[in-house]
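Note sheet for the following structure.
In full-length UniProt numbering, the protein residues as written are 1 to 145.
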């Protein structure tokens, strides 16, 4: 991957629907050269997909919380993945350092929906307890992927 590929990726991050010609005019390549590079980036799994970003408030999923997950004993990341994958309201999660085993980002339609999602997580046999912080105002949101 070179600087041209990085430039193409930056432009696709801004607008995944950008035309190859438009991208090429910014990075200095022809449309066909950009297409070949994008195809290669997809084949090499650098680009894992093209998607849309929906405003959660308009979609009705405006209630969100960050949840610290505390497990009983040692739990492998693969087990946490299995537990959390079964909860569709979980939009992001990662293992962390510190006293919690993982941080989970949950998005729901309302507080009862958030509570139901938390209960699904808490019912897993390896989960000891959770600690939640409900988001009041979203200040910054950047997508890294």
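Glycine is no exception: its CB is placed at the ideal position from the N, C-alpha and C atoms. All of these numbers come straight from a predicted model, not from anything done at the bench.
- Boundaries of the beta strand (DSSP E) around residue 131: 127-134.
- Residue 123 and residue 45 have their C-alpha atoms some 35 Å from each other.
- With respect to the C-alpha of residue 35, the residue from 50, 49, 19, 53 having the closest C-alpha is 19.
- In this structure, DSSP gives residue 2 a state outside helix and strand, which the three-state scheme calls coil.
- Rounded to whole angstroms, the separation of the alpha carbons of residue 73 and residue 118 is 20 Å.
- Each of 68, 33, 1 was checked against the Cα of residue 98, and the nearest Cα belongs to 68.
- The count of Cβ pairs closer than 8 Å, one atom from the region 105-115 and one from the region 53-65, reaches three, so the stretches are in contact.
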